[in-house]
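Report on the structure given below.
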Amino acid sequence: MNVPVVTEMWAAAGSQVVPEAESRAALEHGPGLLLVAEARGARVVGVVLGTFDGRRGWVHRLAVSPGHRRAGLATALVAELEERFRSLGAPRIDLLVLPDNAAGLASWQRLGHLPCPDVLCSEPLDDVAPTVSG
0 MNVPVVTEMW
10 AAAGSQVVPE
20 AESRAALEHG
30 PGLLLVAEAR
40 GARVVGVVLG
50 TFDGRRGWVH
60 RLAVSPGHRR
70 AGLATALVAE
80 LEERFRSLGA
90 PRIDLLVLPD
100 NAAGLASWQR
110 LGHLPCPDVL
120 CSEPLDDVAP
130 TVSG
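Note that numbering that gives the first Met the number 0 numbers the sequence shown so that position 129 is 128, with each residue one more than the last.
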């Protein structure tokens, strides 16, 4: 998978870009869990990145380019990722939605993902780790 192409897609969709090294590490840890949707000409217009830690599936990023939204791409990408998690034996799927992303939360709820009261704690281990706001 061409990681720079995927990170460009995330940026075009308005998503926070995952550093390339982090994306490569996720791909090595969870091969087959980065799915893309392509338009004619093999241009990437949708992407979802998941990982499986042996206990549960994690959705890390989902993005669809603005010109291709409302066409069912996100639903199709998530459905395929869910099937792959099932085949790995994942009993559940977790994901994080930023507090100011009401549209994203509504989309995930339409796909059957319910909010839970967990609190995210984070400790940056290097200088390029993203900050958590809220």
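Where a beta carbon is used, it is the ideal one built from N, C-alpha and C, also for glycine.
For the beta strand (DSSP E) containing residue i, list its first residue and its last residue.
i, result
"residue 60", "56-63"
Would you list the residues sitting across from residue i in a DSSP beta bridge?
i, result
"residue 36", "45"
"residue 84", "None; residue 84 has no bridge partner."
"residue 50", "57"
"residue 93", "57"
Between the alpha carbons of residue i and residue j, how many angstroms are there, rounded?
i, j, result
"residue 113", "residue 20", "30 Å"
"residue 41", "residue 108", "30 Å"
"residue 96", "residue 39", "30 Å"
"residue 83", "residue 100", "26 Å"
"residue 67", "residue 110", "18 Å"
"residue 85", "residue 53", "12 Å"
"residue 105", "residue 124", "32 Å"
"residue 80", "residue 117", "23 Å"
"residue 70", "residue 76", "12 Å"
"residue 48", "residue 65", "18 Å"
"residue 102", "residue 115", "17 Å"
Using C-beta distances below 6 Å, list every residue in its chain close to residue i, excluding the 5 sequence neighbours before and after it, in chain order.
i, result
"residue 94", "58"
"residue 72", "36, 45, 63"
Could you spell out where the alpha helix (DSSP H) holding residue i opens and where it closes?
i, result
"residue 103", "101-109"
Return the chain-ordered list of same chain residues with a C-beta closer than 8 Å to the C-beta of residue i, the five sequence neighbours on each side being excluded.
i, result
"residue 87", "51, 56"
"residue 31", "83"
Beta-carbon within less than 7 Å of residue i's beta-carbon, same chain only, minus the 5 sequence neighbours each way: which residues are those?
i, result
"residue 89", "51, 55, 56"
"residue 91", "55"
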